[in-house]
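First up is the structure itself, then whatever we jot down about it.
Protein chains: 2
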Amino acid sequence: MNNLEPTLFDSYRDLYRPYVNAVNNRLAKHQLYTSQWVVLRLISIKESCTLAELAKETRVEKPSVTRIIQKLMELGYVEIKQGEDKREKYVQLTERGAEVYASLQLELSSFFNELTVGIDSEDLETTRVVLNQILQKLLS
Amino acid sequence: MNNLEPTLFDSYRDLYRPYVNAVNNRLAKHQLYTSQWVVLRLISIKESCTLAELAKETRVEKPSVTRIIQKLMELGYVEIKQGEDKREKYVQLTERGAEVYASLQLELSSFFNELTVGIDSEDLETTRVVLNQILQKLLS
DNA sequence: AATAGATAGTTACCCTAACTAACTATTTTA
DNA sequence: TAAAATAGTTAGTTAGGGTAACTATCTATT
Numbered sequence: 147m148n149n150l151e152p153t154l155f156d157s158y159r160d161l162y163r164p165y166v167n168a169v170n171n172r173l174a175k176h177q178l179y180t181s182q183w184v185v186l187r188l189i190s191i192k193e194s195c196t197l198a199e200l201a202k203e204t205r206v207e208k209p210s211v212t213r214i215i216q217k218l219m220e221l222g223y224v225e226i227k228q229g230e231d232k233r234e235k236y237v238q239l240t241e242r243g244a245e246v247y248a249s250l251q252l253e254l255s256s257f258f259n260e261l262t263v264g265i266d267s268e269d270l271e272t273t274r275v276v277l278n279q280i281l282q283k284l285l286s
Numbered sequence: 147m148n149n150l151e152p153t154l155f156d157s158y159r160d161l162y163r164p165y166v167n168a169v170n171n172r173l174a175k176h177q178l179y180t181s182q183w184v185v186l187r188l189i190s191i192k193e194s195c196t197l198a199e200l201a202k203e204t205r206v207e208k209p210s211v212t213r214i215i216q217k218l219m220e221l222g223y224v225e226i227k228q229g230e231d232k233r234e235k236y237v238q239l240t241e242r243g244a245e246v247y248a249s250l251q252l253e254l255s256s257f258f259n260e261l262t263v264g265i266d267s268e269d270l271e272t273t274r275v276v277l278n279q280i281l282q283k284l285l286s
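Sequences listed follow chains A and B, in order.
According to the working numbering, the first sequence is numbered sequentially starting from 147.
According to the working numbering, the second sequence is numbered sequentially starting from 147.
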C-alpha cells in the first residue's frame, strides 16, 4: 500500500458531510438548511444589509443569495425594506426570525460544545486559527 | 451587533467552498472532481476493493459509489474484476489511472504545502488531530 | 444634459454531490 | 430448502451552488 496516513486536508474533507448532516438535522425543525442558516446568522449579526453584501461576505454568487432570501421570506424569518438607492433591498430578521435564530443559536452552541468536549481549548483555538490562515492563503 | 467572533465551526465551514473549488480546478485537467478523487485515492491505497468497501470507508451510499465508479471507468482510470463471490466487483487502477493518480497526488501535495507554508507544523498536526477527534465524536 | 458604464437584483438553466426506494442476482443461515 | 442478508444497479429527488443574460437604477464623462 502507498502513503497511508491521512493528511490535514483528508481529515478536513472527511469531516464535512457528517458535520453538515448533523447540523441540518438540528436545523430541520425550523425548515432550514446550513446554507440558509449561514445567511440568517449573517443578517442577525449585521442587523440589516443588502443582498450584495450578503453575497460578498458569504462568497456566494448573487443568484444563490436571491434564492436563499426568497426561502427565508417564505418561512417568515426575514423581511425586506427598499433602500434609498432603489436598486437595493435591505434584509432584516422578523420577530419570528429573531426567535428562531436565538433558539437555534443556543441549540447549535450546545451541540458544538458536545462535539469538542474533552478537547484542550488551546488546541481548539489553534485549529480555528489554522483554518483561517489556510482560508486567507486560499483567497490571496 | 451580537456575538461576533467566528467559532471554530464557522471557520471550518467558511473554508469549505474555496477549498473544494481550488482542488477541483487542479483536478479538472484530468476531468475529475473531488468526490471522484477521494474514491480514486482510496482505490490506490487499497490496491483492489469492492464497491461496498468503498461505500463503507467513504461513508457515501452505494448508489453514489456506483456512479463514481462508472465515471472512473468511462475515463479509463479504473477497471473491474468479478469477485469469486459473484455479487462482488473488485475495482483497481488501470495503468493510465495509476499515472494520473501519481501526477495529481504530486500536484495536490505541493498545493497543500503552499497553503500551509509559514504555519507551525505542530499547529498543523494539532489541527489534523482535532478535526479527527470531532469526526469521531460525530460518528459515535 | 445625455449617454455610456457600473451596480443590485432576478430569472432561467445547468452542474456536482449526495440521498432514498425499489429492484435483481447472488450467498448465507436457520 | 426457504428466508434473510448482501452486492450492486436504476430511477427519481434534493441541497447547494454556478453562469449567462436580463431589467432597473445610479454614477460618471463628455
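Beta carbons: idealized from backbone N, C-alpha and C, even for Gly.
Every value quoted in this text rests on a predicted model; they were computed, and no experiment measured them.
- Secondary-structure assignment with DSSP links residue 184 (chain A) through no beta bridge to anything.
- About 6 Å separates the beta carbons of residue 284 (chain A) and residue 168 (chain B), which is inside the 8 Å limit, making them a contact pair.
- For residue 236 (chain B), the CB contacts under 8 Å within the same chain, skipping 5 residues up- and downstream, are 194, 195, 196, 226, 227, 228 and 229 in chain order.
- Excluding sequence positions up to five before and after residue 239 (chain B), its CB lies within less than 7 Å of the CB of 189, 190, 223, 224 and 247, all in the same chain and listed in chain order.
- Taking 8 Å as the cut-off, the Cβ atoms of residue 251 (chain B) and residue 217 (chain B) do not count as close.
- In the structure shown, the three-state DSSP call for residue 225 (chain B) is strand.
- In this structure residue 163 (chain B) is in contact with residue 205 (chain A), their Cβ atoms being roughly 7 Å apart against a cut-off of 8 Å.
- Residue pairing for residue 196 (chain B): DSSP places it in a beta bridge opposite B:236.
- Contact of residue 284 (chain B) with chain A by beta-carbon distance below 8 Å involves 161, 164, 165, 168 and 261.
- For residue 243 (chain B), the enclosing alpha helix (DSSP H) begins and ends at 241 to 262.
- No Cβ-Cβ contact shorter than 8 Å links residue 201 (chain B) with residue 192 (chain B).
- Secondary structure at residue 179 (chain B): coil, using DSSP grouped into helix, strand and coil.
- When secondary structure is reduced to three states using DSSP, residue 153 (chain A) falls in the coil class, being assigned neither helix nor strand.
- Just measuring C-alpha positions, the residue of B:280, B:175 and B:184 sitting nearest residue 257 (chain A) is B:280.
- Counting every other CB atom within 10 Å of its CB across the protein chains shown gives residue 160 (chain A) a total of 16 or more, marking it as buried.
- Using beta-carbon distances, residue 157 (chain B) counts as an interface residue toward chain A, with a partner under 8 Å.
- Residue contact with chain A for residue 171 (chain B): absent (no Cβ-Cβ distance below 8 Å to any residue of chain A).
- Per DSSP, the continuous alpha helix (DSSP H) segment holding residue 268 (chain B) begins and ends at 267 to 285.
- Per the C-alpha coordinates, the member of B:165, B:260 and B:219 positioned closest to residue 243 (chain B) is B:219.
- The residues 197, 200 and 201, in chain order, have a CB closer than 6 Å to that of residue 211 (chain A) in the same chain once the five nearest residues on each side in sequence are set aside.
- Within chain B, the residues 272, 275 and 276 have their CB atoms less than 8 Å from the CB of residue 269 (chain A), given in chain order.
- Here residue 233 (chain A) is exposed. Its C-beta has fewer than 16 other C-beta atoms within 10 Å.
- Taking the C-beta atoms as reference points, residue 272 (chain B) is found nearer than 8 Å to residue 269 (chain A).
- Chain-order list of chain B residues neighbouring residue 281 (chain A): 157, 160, 161, 164 and 165, by C-beta distance under 9 Å.
- Only those residues of the stretch 202 to 224 of chain B whose C-beta falls short of 9 Å from the nearest C-beta of chain A are listed: 204, 205 and 206.
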